[in-house]
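**Q** Here it is: the structure, laid out below.
Protein chains: 4
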Amino acid sequence: MQALVDRIYGTLKARTGEGRVADYIPQLAKVDRDKFGIAIEMVDGTSFVAGDVDEPFSIQSVSKVFTLTLALGKIGDSLWARVGREPSGTPFNSIVQLEHERGIPRNPFINAGAIVVADVILAGHEPREAIGEILRFVRFLADDETISIDPAVARSETETGFRNAALANYMRSFGNIHHAVEKVLGVYFHHCAIAMSCRQLARAGLFLANGGRNPLTGFGVVSRERARRINALMLTCGHYDGSGDFAFRVGLPGKSGVGGGILVTVPGRASIAVWSPGLDANGNSRVGSLALEAIAQETGWSVFSR
Amino acid sequence: MQALVDRIYGTLKARTGEGRVADYIPQLAKVDRDKFGIAIEMVDGTSFVAGDVDEPFSIQSVSKVFTLTLALGKIGDSLWARVGREPSGTPFNSIVQLEHERGIPRNPFINAGAIVVADVILAGHEPREAIGEILRFVRFLADDETISIDPAVARSETETGFRNAALANYMRSFGNIHHAVEKVLGVYFHHCAIAMSCRQLARAGLFLANGGRNPLTGFGVVSRERARRINALMLTCGHYDGSGDFAFRVGLPGKSGVGGGILVTVPGRASIAVWSPGLDANGNSRVGSLALEAIAQETGWSVFSR
Amino acid sequence: MQALVDRIYGTLKARTGEGRVADYIPQLAKVDRDKFGIAIEMVDGTSFVAGDVDEPFSIQSVSKVFTLTLALGKIGDSLWARVGREPSGTPFNSIVQLEHERGIPRNPFINAGAIVVADVILAGHEPREAIGEILRFVRFLADDETISIDPAVARSETETGFRNAALANYMRSFGNIHHAVEKVLGVYFHHCAIAMSCRQLARAGLFLANGGRNPLTGFGVVSRERARRINALMLTCGHYDGSGDFAFRVGLPGKSGVGGGILVTVPGRASIAVWSPGLDANGNSRVGSLALEAIAQETGWSVFSR
Amino acid sequence: MQALVDRIYGTLKARTGEGRVADYIPQLAKVDRDKFGIAIEMVDGTSFVAGDVDEPFSIQSVSKVFTLTLALGKIGDSLWARVGREPSGTPFNSIVQLEHERGIPRNPFINAGAIVVADVILAGHEPREAIGEILRFVRFLADDETISIDPAVARSETETGFRNAALANYMRSFGNIHHAVEKVLGVYFHHCAIAMSCRQLARAGLFLANGGRNPLTGFGVVSRERARRINALMLTCGHYDGSGDFAFRVGLPGKSGVGGGILVTVPGRASIAVWSPGLDANGNSRVGSLALEAIAQETGWSVFSR
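Chains as they are written, first to last, in my numbering: chain W, 96 to 401; chain U, 96 to 401; chain P, 96 to 401; chain Z, 96 to 401.
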């Protein structure tokens with residue numbers, strides 16, 4: 096298995112120059128495009144890694160898996176009255192759908208949906224408290240107290256996040272955001288700025304591969320059914336408008352971020368995190384996707400092939 | 096297992112009155128709403144059934160799984176230049192997306208995509224020949240020469256199919272339909288009018304659960320990889336705008352039809368067909384979905400929970 | 096006045112090379128791009144012309160003014176239950192709006208609306224009869240029996256009109272087309288293929304400048320109120336998505352066609368027809384629009400400046 | 096003429112109960128639905144009035160005519176690089192179009208367009224200064240120093256204006272808003288809260304009927320050409336998605352506001368203001384529109400009928 100990871104890493108390392116690094120946030124544009132890491136954490140406690148697996152990167156939208164989990168823990172399935180569970184499915188972006196669906200975002204992984212999730216977590220508290228709660232939760236999941244938020248990235252998002260402010264105000268006009276927009280966005284921008292390494296990320300996602308329980312710490316996070324359902328959402332909605340293609344090629348639940356990270360669940364077996372900053376046209380890590388496709392291909396781990 | 100199927104059948108039989116029978120085609124509106132069948136064909140050759148499992152019904156869009164398989168056999172992955180692989184994802188219907196995406200349908204399971212698939216199968220022949228080829232293929236998959244097309248349903252579709260004629264003409268204006276529209280629609284309407292029983296349907300889908308090979312006949316249908324990919328498409332796109340919800344609740348690849356049938360793959364284990372004509376708001380069998388949710392729940396067969 | 100027309104003609108003649116000739120119909124693509132004519136017919140019977148004013152060209156969508164007038168004569172204001180009176184207003188084309196507005200086109204000058212108008216004129220007759228009626232009506236308006244339909248253009252439209260077939264089928268799916276689609280399109284394609292010279296066209300439109308009555312023949316065509324209303328529709332909807340711009344720059348009711356013709360009403364004063372085949376991005380005659388802007392500027396004939 | 100106005104007032108007074116008063120802003124919902132006024136100011140200095148013509152009401156979007164005029168005075172036709180001149184033309188609201196047209200609103204009279212205009216007027220100053228400038232300009236146009244802004248209405252807009260905040264942030268994400276969103280909206284909400292009587296409003300609009308010059312004060316406001324063009328924009332875009340219908344029925348340039356006011360230009364003759372708070376489905380004064388239709392009908396003042 097380690098040989099397999101090394102081989103895939105070696106083959107793809109040469110292609111990290113492909114794709115474009117996200118540049119809409121100045122802080123993200125500074126990242127070294129040649130960074131590349133693969134970390135596989137098995138549910139039995141073994142792990143296989145290659146490349147830059149200990150260097151923290153901005154997990155961006157991958158954090159939405161964790162905030163969704165946290166929000167479901169707070170208000171349970173009543174969340175689904177405020178956020179849908181369907182792929183967003185249009186190349187043109189989500190504000191159109193908000194209009195057609197009266198302020199209800201399609202799913203918790205598009206920006207609008209994650210902003211509603213942040214509103215749920217805010218729950219009457221100050222942004223500082225909510226951000227702290229999210230960070231503590233992620234540290235708990237990864238069993239690693241060193242995980243932190245990159246303040247420069249959070250500030251960068253705040254300064255340029257007009258599109259997200261539009262989404263939040265728009266949903267507020269329908270009553271689907273309950274707190275002041277700037278507070279909600281404060282929470283949202285900060286959790287997107289969480290920095291983690293591949294190894295930390297793979298560990299933090301391990302509960303999803305193990306029926307809701309972290310096999311390393313033994314702590315239960317969510318019920319078996321909820322773990323299964325979060326995986327389903329990742330598969331159908333985890334890669335923006337490339338979700339269908341990712342399911343087709345890789346066949347595993349995953350969530351990508353514009354920082355170039357992807358977190359993938361192999362139900363019953365492993366949690367995988369990859370990182371390569373060059374993005375494809377849909378905003379997903381190009382080489383990261385290829386690495387996952389190769390891993391799925393060679394291991395036969397696709398959920399569709401057993 | 097048989098006890099489980101009997102119990103689920105018994106519990107849900109009382110609810111077959113829920114939902115609305117499809118009425119846009121007069122022939123479909125005539126069906127008895129209380130029909131209900133569950134057929135589970137295991138890859139090991141055993142089977143578990145309950146209810147109306149030997150009565151043929153109009154499989155409608157479930158046939159798109161078979162025509163996709165046939166078209167991929169003819170032209171391989173070049174099909175994907177003419178049809179996408181992403182969930183359609185909008186509640187408003189698909190002609191809008193065709194406009195935005197220049198005549199390329201989002202996936203092969205929405206009407207527009209299946210019409211392109213029919214155009215591929217037509218391949219210069221007369222509709223009669225293409226229809227014959229599709230029917231022979233389905234009979235081969237199910238290993239049952241008695242399967243036929245309901246001519247009254249096919250005629251009914253032809254008479255009222257203005258929306259599909261609009262889609263086909265629209266795609267033809269972009270050059271993505273190569274044959275005369277009436278010929279392509281002739282093929283499309285006829286394969287939607289295939290009539291099969293739950294038992295036949297479950298058998299016809301068994302190759303998808305068994306790595307591309309029908310375990311009952313031993314015949315290979317597609318490669319392991321292609322079987323996996325068709326399953327992925329069923330999971331992300333198989334239930335119109337309820338695909339995300341079906342993945343969330345059931346967690347298995349499936350394809351529904353407005354005749355009330357659903358075909359589901361349990362990779363490595365089984366093929367399931369259910370039939371109950373009452374539909375939910377998205378056009379999927381209401382009681383059929385509940386039956387599959389219960390089966391997945393009790394067996395733990397979700398692809399997301401291993 | 097003649098000097099003014101000569102001067103504007105002279106200045107703009109040098110620019111007829113600008114813009115692109117419509118090429119979606121092969122027959123239209125063959126036209127000589129340097130053709131340019133201006134014909135002003137005053138309500139007092141005088142006329143001022145310059146350039147190619149006696150050569151017939153394909154009037155295309157300008158014919159929609161005449162078919163609208165004819166349809167209103169047949170069924171009166173009940174037409175407005177089937178066609179709206181609002182500018183179409185989106186750069187992306189009209190099939191989207193048909194979806195949102197359940198098969199009711201925005202106005203009678205976009206393709207979908209004109210197809211409904213053709214359906215009204217068809218009124219249970221054969222296409223041949225309806226086409227004959229339209230042609231007789233246009234000859235009556237222009238008081239010129241030599242006007243005819245170019246059969247090569249009509250055939251050309253029929254062969255390539257998949258987009259219009261999509262629109263017609265789509266509206267038929269909502270019940271807003273009452274006859275067989277191929278018959279309705281037969282009427283539509285033929286009236287778009289009417290060939291007229293600038294001089295004929297200006298005369299045919301003169302009733303709109305004169306309270307509904309042709310001042311040359313003395314025949315009443317429509318009531319004063321209906322003439323006013325048709326002018327209003329031309330002003331708000333006559334130039335596709337360039338209607339607002341034309342009103343802003345020229346300030347007169349007009350209807351353009353992709354053959355490069357524009358018919359304009361100067362209420363109380365004159366009817367103007369210009370022809371220059373080079374089109375702007377919205378499909379309106381580029382030099383023709385400039386000629387009309389210059390005429391309006393120098394004469395002060397804008398409806399907004401009295 | 097006075098008799099005509101009295102008669103129309105008398106006939107329609109009985110129907111002021113029709114339509115719904117705008118309730119999205121609490122302050123507007125409090126207005127007495129039975130208020131009704133008609134003021135006609137002729138360019139020759141005579142005037143004809145009936146009903147509640149001296150009571151100030153919230154002019155709301157009618158103010159956009161004045162801010163457009165002011166912004167054109169500041170930056171001239173370069174404004175048109177940031178705002179279009181086409182009718183918005185869709186029943187579904189404008190944020191969709193902003194997405195398709197990359198942050199450029201269709202015209203200066205829809206909310207998004209007027210927000211860009213407010214951004215132009217802000218021009219680096221503080222909102223207080225810009226608001227003061229707009230108010231002084233309107234007082235100058237009406238030659239009436241008593242005109243003021245209703246602070247309760249302005250505050251009410253600010254508190255509930257999430258939809259407008261969404262539009263402004265969205266345009267800012269495309270770079271088409273240059274100042275802080277809250278400052279721009281401060282200007283926008285305040286000019287919408289200008290309170291004027293019918294008489295004041297008709298006088299303020301008189302320059303548009305008189306080639307750009309106020310005939311009562313003798314002061315030039317804009318060039319003849321600009322007056323003509325503003326009238327053209329009012330005709331094509333002045334009544335939201337009812338603009339085509341208003342042109343069809345009334346045939347005069349007009350701008351409505353959800354406070355129930357409508358300002359109309361009769362080029363060369365008069366400026367008319369009507370007020371009746373009950374609105375139709377498009378947000379235009381129901382009885383006000385009927386009054387204008389009757390005036391246009393009986394006087395023959397339509398721009399399309401001379």
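C-beta atoms are modelled at their ideal positions from N, C-alpha and C, and glycine is treated no differently. Values in this document were obtained by computation on a predicted structure and should not be read as measured data.
1) For chain Z, find out if any of its Cβ atoms is closer than 7 Å to the Cβ of Ser-268/W; answer yes or no.
2) Given a threshold of 16 other Cβ atoms within 10 Å of its Cβ, counted over all protein chains shown, does Asp-340/W qualify as buried or as exposed?
3) Taking the DSSP output, what are the residues bridged to Arg-128/U?
4) With Ile-120/W as the anchor, note down where its alpha helix (DSSP H) starts and where it stops.
5) Is Tyr-265/Z close to chain A? Criterion is C-beta to C-beta, closer than 7 Å.
6) Check this for me: beta carbons of Ala-386/P and Ile-133/P, under 7 Å apart or not?
7) Are the segment 363–377 of chain W and the segment 284–304 of chain W touching by the rule of at least three beta carbon pairs closer than 8 Å?
8) Would you say Glu-277/P lies against chain U (beta-carbon separation less than 7 Å)?
9) If you measure between the beta carbons of Arg-128/P and Pro-362/P, is that distance less than 7 Å?
10) To which residues of the same chain is Glu-181/Z closer than 8 Å at the C-beta, ignoring the five residues directly before and after it?
11) Could I get the ranges of all uninterrupted alpha helix (DSSP H) runs contained in the segment 186–266 of chain P, with 4 residues as the minimum, in chain order?
12) Using DSSP bridges, identify the partner residues of Lys-350/U.
13) Ala-109/Z to Gly-315/P, Cα distance in whole Å?
14) Is DSSP giving Ile-325/P helix, strand or coil here?
15) Using only the alpha-carbon positions, how far apart do Gly-489/Z and Ile-205/P sit?
16) If you draw a straight line from the alpha carbon of Asn-326/W to that of Ile-325/Z, how long is it in whole angstroms?
17) Within the same chain, show all residues whose beta-carbon is closer than 8 Å to that of Arg-308/U, passing over the 5 residues directly before and after it, in chain order.
18) For Thr-106/W, count neighbouring Cβ atoms within 10 angstroms of its own Cβ and tell me buried if that reaches 16, exposed if not.
19) Classify Leu-298/W as helix, strand or coil using the three-state DSSP reduction.
20) So is Thr-162/W buried or exposed if we call it buried at 16+ other beta carbons inside 10 Å?
21) Counting C-beta neighbours from all protein chains within 10 Å, is the total for Gly-270/Z 16 or more, i.e. buried, or is it exposed?
22) Can you check which of these residues, Leu-217/P, Ser-380/P and Phe-143/P, is closest to Ile-170/P by C-alpha distance?
23) My output table needs one value for His-277/P: the three-state DSSP class, helix, strand or coil.
24) Using CA coordinates, which residue listed in Ala-342/P, Gly-346/P, Thr-164/P and His-334/P is at the minimum distance from Gly-356/P?
25) What residues are listed by DSSP as bridge partners for Arg-115/Z?
26) Is DSSP giving Val-160/P helix, strand or coil here?
27) Contact criterion: CB-CB distance below 7 Å. Does Asp-245/Z meet it with respect to chain P?
28) Per DSSP, Ala-368/Z is paired with what?
29) Which term fits Pro-348/P, buried or exposed, when burial requires 16 or more other beta carbons within 10 angstroms of its beta carbon?
30) Name the DSSP beta bridge partners of Phe-152/Z, please?
31) Let me make sure I understand the geometry here. Which of Phe-284/W, Ser-158/W, Gly-306/W and Leu-236/W has the alpha-carbon closest to that of Glu-252/W?
32) So does the segment 374–382 of chain U actually touch the segment 115–125 of chain U, counting three or more Cβ pairs closer than 8 Å?
33) For Lys-159/U versus Asp-147/U, is the C-beta distance shorter than 7 Å?
34) Whole-angstrom Cβ separation of Val-279/W and Ile-390/W, contact assumed at under 8 Å?
35) Exposed or buried, what is Asp-172/P when buried is set at 16 or more other beta-carbons lying within 10 Å of its beta-carbon?
36) Using the three-state DSSP reduction, which class does Ala-109/Z fall into: helix, strand or coil?
**A** Let me spell this out:
1) Sequence index remark: in the first sequence, residue 268/W carries index 173 (1-based). Answer yes: the Cβ-Cβ gap between Ser-268/W and chain Z drops below 7 Å somewhere.
2) The residue given as residue 340/W occupies position 245 in the first sequence. The residue in question, Asp-340/W, is buried, as its Cβ has 16 or more Cβ neighbours within 10 Å.
3) For the purposes of this step, residue 128/U is taken as residue 33 along the second sequence, with counting starting at 1. For Arg-128/U, which the question treats as bridged, DSSP gives no partner whatsoever.
4) Residue 120/W sits at position 25 when you count from the first residue of the first sequence. Ile-120/W -> no alpha helix (DSSP H), and no H or E assigned at all.
5) Looking at the structure shown, chain A is missing, and the protein chains on hand are W, U, P and Z.
6) In the third sequence, counting from the first residue as 1, residue 386/P sits at position 291. In the third sequence, counting from the first residue as 1, residue 133/P sits at position 38. Yes, the pair counts as a contact, with Cβ atoms nearer than the cut-off.
7) yes
8) Locating residue 277/P in the third sequence gives position 182, where the first residue counts as 1. Chain U contact via Cβ: absent.
9) Along the third sequence, read from residue 1 onward, the residue named residue 128/P stands at position 33. Along the third sequence, read from residue 1 onward, the residue named residue 362/P stands at position 267. Cβ atoms of Arg-128/P and Pro-362/P: not closer than 7 Å.
10) The sequence position of residue 181/Z within the fourth sequence is 86, counting from 1. Taken in chain order, the residues that qualify are Arg-201, Asn-202, Thr-331 and Cys-332.
11) 190–195, 206–217, 222–237 and 246–255
12) Taking the second sequence and counting its residues from 1, the one referred to as residue 350/U is at position 255. Beta-bridge pairing links Lys-350/U to Leu-358/U.
13) Indexing the fourth sequence from 1 puts residue 109/Z at position 14. Indexing the third sequence from 1 puts residue 315/P at position 220. Each residue's Cα considered, the two are about 38 Å apart.
14) Residue 325/P sits at position 230 when you count from the first residue of the third sequence. The answer is helix: DSSP assigns Ile-325/P an H, G or I state.
15) The structure shown has nothing for residue 489/Z, since chain Z only spans 96 to 401.
16) Translated into positions along the first sequence, residue 326/W becomes position 231. Translated into positions along the fourth sequence, residue 325/Z becomes position 230. If you take the alpha carbons of Asn-326/W and Ile-325/Z, they lie about 57 Å apart.
17) Translated into the one-based positions of the second sequence, residue 308/U becomes position 213. Hits under 8 Å: Phe-302, Phe-314, Gly-315 and Val-316.
18) Locating residue 106/W in the first sequence gives position 11, where the first residue counts as 1. So Thr-106/W counts as exposed.
19) For the purposes of this step, residue 298/W is taken as the residue at position 203 of the first sequence. Contrary to the premise, residue 298/W reads as Arg rather than Leu in this sequence. Per DSSP, reduced to three states, the secondary structure at Arg-298/W is helical.
20) Position 67 of the first sequence, counted from the first residue, corresponds to residue 162/W. Of the residues assessed, Thr-162/W falls on the buried side of the cut-off, its CB having 16 or more other CB atoms within 10 angstroms.
21) Numbered from its first residue, the fourth sequence carries residue 270/Z at position 175. Around the CB of Gly-270/Z, fewer than 16 other CB atoms lie within 10 Å, so the residue is classed as exposed.
22) For the purposes of this step, residue 170/P is taken as the residue at position 75 of the third sequence. That would be Leu-217/P, whose Cα lies nearest to the Cα of Ile-170/P.
23) The count along the third sequence starts at 1 and reaches residue 277/P at position 182. First, the residue type needs correcting, since residue 277/P is Glu and not His in the sequence shown. DSSP places Glu-277/P in helix when its eight states are reduced to three.
24) As a position in the third sequence, residue 356/P is number 261, starting the count at 1. Ranking Ala-342/P, Gly-346/P, Thr-164/P and His-334/P by Cα distance to Gly-356/P puts His-334/P first.
25) Walking along the fourth sequence from the start, residue 115/Z turns up at place 20. According to DSSP, which records beta bridges pairwise, Arg-115/Z is partnered with Leu-374/Z.
26) For the purposes of this step, residue 160/P is identified with residue 65 of the third sequence, where counting begins at 1. If DSSP states are grouped into helix, strand and coil, Val-160/P belongs with the helices.
27) The residue given as residue 245/Z occupies position 150 in the fourth sequence. By this cut-off, Asp-245/Z is not an interface position.
28) To locate residue 368/Z, count along the fourth sequence from 1; it is residue 273. Answer is Ala-134/Z and Leu-358/Z, bridged to Ala-368/Z.
29) For the purposes of this step, residue 348/P is taken as the residue at position 253 of the third sequence. It is buried - the Cβ of Pro-348/P has at least 16 other Cβ atoms within 10 Å.
30) Taking the first residue of the fourth sequence as 1, we reach residue 152/Z at position 57. DSSP output for Phe-152/Z lists Met-291/Z as bridge partner(s).
31) Walking along the first sequence from the start, residue 252/W turns up at place 157. The residue with the shortest Cα to Cα distance from Glu-252/W is Phe-284/W.
32) yes
33) Within the second sequence, the letter at position 64 stands for residue 159/U. Within the second sequence, the letter at position 52 stands for residue 147/U. The answer is no: Cβ separation not under 7 Å.
34) Here the question's residue 279/W lines up with position 184 in the first sequence. Here the question's residue 390/W lines up with position 295 in the first sequence. Val-279/W to Ile-390/W, Cβ: 37 Å. No contact.
35) Residue 172/P sits at position 77 when you count from the first residue of the third sequence. Exposed is the call here.
36) On the fourth sequence, position 14 is the one that residue 109/Z refers to. Correct three-state label for Ala-109/Z: coil.
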